[in-house]
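The numbering of the sequence shown is this note's numbering, which starts it at 7 and goes up by one.
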Amino acid sequence: MYVADKSRYQGQLADQERFMRKQDHKQKSGRLKKLIKGLEESLSQSAMSIVPNSVVSLFAKPSNTKTLISSILRTAKRKL
């Protein structure tokens, strides 16, 4: 659910820029970016509940954590 919502909000950011006044888009994009950030944090927490922090820290550099979390979530979805 979080992944679908995040994708939808990111799509709205990209699509609506062409059709809105700059000021309106700036305000709306600020709200959407906050929502996206919150969803990313929720996704990270969900991934950490699947794979404990100690395992993630063993195999991931800080710069690769986001990629690792995405991979874990894809794997978890396939298993559900």
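Glycine included, C-beta positions come from ideal geometry on N, C-alpha and C.
Compute the Euclidean distance between the alpha carbons of Thr73 and Ser48, then round it to the nearest angstrom.
-> Residue mapping note: residue 73 aligns to position 67 of the sequence shown, counting from 1. Residue mapping note: residue 48 aligns to position 42 of the sequence shown, counting from 1. Roughly 15 Å between the two C-alpha positions.
task: Classify Ala53 as buried or exposed, calling it buried when 16 or more other Cβ atoms lie within 10 Å of its own Cβ.
output: For the purposes of this step, residue 53 is identified with residue 47 of the sequence shown, where counting begins at 1. It is buried - the Cβ of Ala53 has at least 16 other Cβ atoms within 10 Å.
By the three-class DSSP mapping on this structure, what secondary structure does Met54 have? The residue labelled residue 54 in the question sits at position 48 within the sequence shown. Met54: helix per DSSP, three-state reduction.
Quiz item: Hey, would you say Ser35 sits closer than 8 Å to Leu45, going by beta carbons?
Solution: Here the question's residue 35 lines up with position 29 in the sequence shown. Here the question's residue 45 lines up with position 39 in the sequence shown. No Cβ-Cβ contact shorter than 8 Å links Ser35 with Leu45.
What are the start and end residues of the alpha helix (DSSP H) that includes Arg14?
Translated into the one-based positions of the sequence shown, residue 14 becomes position 8. Taken as a continuous stretch (DSSP letters only), the alpha helix (DSSP H) holding Arg14 covers Tyr8 to Gln22.
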